[in-house]
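For the protein sequence lines, the chains are B and A, in the order given. Positions 1 to 111 (our numbering) are the ones given, in order, by the first sequence. Positions 112 to 228 (our numbering) are the ones given, in order, by the second sequence. Heads up, the beta-carbon is just placed ideally off N, CA and C, and yes, glycines get one too. As the structure is a prediction and not an experimental result, all values here were calculated from the model.
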Amino acid sequence: QKEVEQDPGPLSVPEGAIVSLNCTYSNSAFQYFMWYRQYSRKGPELLMYTYSSGNKEDGRFTAQVDKSSKYISLFIRDSQPSDSATYLCASGGGATNKLIFGTGTLLAVQP
Amino acid sequence: ETGVTQSPTHLIKTRGQQVTLRCSSQSGHNTVSWYQQALGQGPQFIFQYYREEENGRGNFPPRFSGLQFPNYSSELNVNALELDDSALYLCASSLAGKRTSGPYEQYFGPGTRLTVT
């Protein structure tokens with residue numbers, strides 16, 4: 001079992017839709033939860049991070065962590081074609097400083 | 112504020128050769144992590160450097176080695192290249208000691224795409 005699991009998609013939505021992206025993780029020591037956006041052939045761009053459980057909102061983006069179910073979510077409101085990219089979740093914590101990434105979900109927002 | 116830069120952008124090498132990839136960290140950051148991203152996969156942690164010392168290593172063989180310099184820039188060296196080493200190599204910088212997110216708030220460079228033939 002991978003430490004961080006993510007549905008690779010692809011996910012296709014119409015412009016203006018609410019997008020829900022999800023990951024699960026298995027390591028109870030994880031305390032930091034990150035979301036990155038990666039455009040084709042580019043490096044990942046940090047969108048948001050949360051520490052422990054709870055919600056965090058930044059503009060159209062909301063990150064949510066439920067540590068009891070080991071579930072991580074990213075919601076995108078009023079999605080735009082420019083949001084079309086691969087979204088990577090990552091988790092970290094415990095004895096090392098490394099981030100463990102999911103495989104990424106490919107999102108396409110259709111105009 | 113200067114972001115993370117990496118060089119070269121692309122590289123083609125032959126199996127068995129050696130390669131050196133370079134990374135300059137974001138200004139104010141003191142920690143550099145290296146990741147390998149195969150096509151269609153998430154980044155895999157190779158190792159991290161803090162204060163010029165290796166500070167954690169992933170499941171990669173010893174032919175993957177690195178350095179960090181006093182200005183916090185870093186190199187990734189790969190010896191005896193194999194076909195499976197073909198990937199996007201990503202460098203990420205962070206600020207160890209930052210109270211909330213510490214070394215996990217990592218900012219990535221654009222990557223070096225390595226092709227081994």
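**Prompt:** Are the C-beta of residue 167 of chain A and some C-beta of chain B separated by less than 8 Å?
**Reply:** yes
**Message:** On the CB-based measure, 16 or more other CB atoms within 10 Å of its CB, does residue 150 of chain A come out buried or exposed?
**Reply:** exposed
**Prompt:** In chain B, which residues lie with their C-beta within 9 Å of the C-beta of residue 177 of chain A?
**Reply:** Those within 9 Å of residue 177 of chain A in chain B number zero; the least Cβ separation is about 14 Å.
**Message:** Measuring straight from C-alpha to C-alpha, what distance separates residue 61 of chain B and residue 203 of chain A?
**Reply:** 23 Å
**Message:** Give me the chain B residues within the contact set of residue 219 of chain A, using Cβ-Cβ distance strictly less than 8 Å, ordered along the chain.
**Reply:** 36, 43, 44, 45 and 46
**Prompt:** Counting only beta-carbon atoms, is residue 216 of chain A nearer than 8 Å to chain B?
**Reply:** yes
**Message:** So, with DSSP's three-state summary, where would you put residue 194 of chain A?
**Reply:** helix
**Asked** How many angstroms separate the CA atom of residue 175 of chain A from the CA atom of residue 129 of chain A?
**Response** 10 Å
**Request:** May I ask you to list the residues that DSSP assigns as paired with residue 223 of chain A?
**Result:** A/200
**Asked** Would you report the Cα separation of residue 190 of chain A and residue 133 of chain A, rounded to the nearest angstrom?
**Response** 15 Å
**Asked** If contact means a Cβ-Cβ distance below 9 Å, which residues of the region 119 to 141 of chain A contact chain B?
**Response** none
**Asked** Does at least one heavy atom of the ligand FAD sit under 7 Å from the Cβ of residue 196 of chain A?
**Response** Of the ligands one can find in the structure shown there are none, so the ligand FAD has no counterpart to examine.
**Message:** I'd like to know whether the C-beta of residue 156 of chain A is nearer than 8 Å to at least one C-beta of chain B.
**Reply:** yes
**Prompt:** Are the Cβ atoms of residue 121 of chain B and residue 44 of chain B separated by less than 8 Å?
**Reply:** Missing from the structure shown is residue 121 of chain B; chain B here goes from 1 to 111 and no further.
**Message:** What residue range does the beta strand (DSSP E) around residue 77 of chain B cover?
**Reply:** No beta strand (DSSP E) holds residue 77 of chain B; DSSP gives it neither H nor E.
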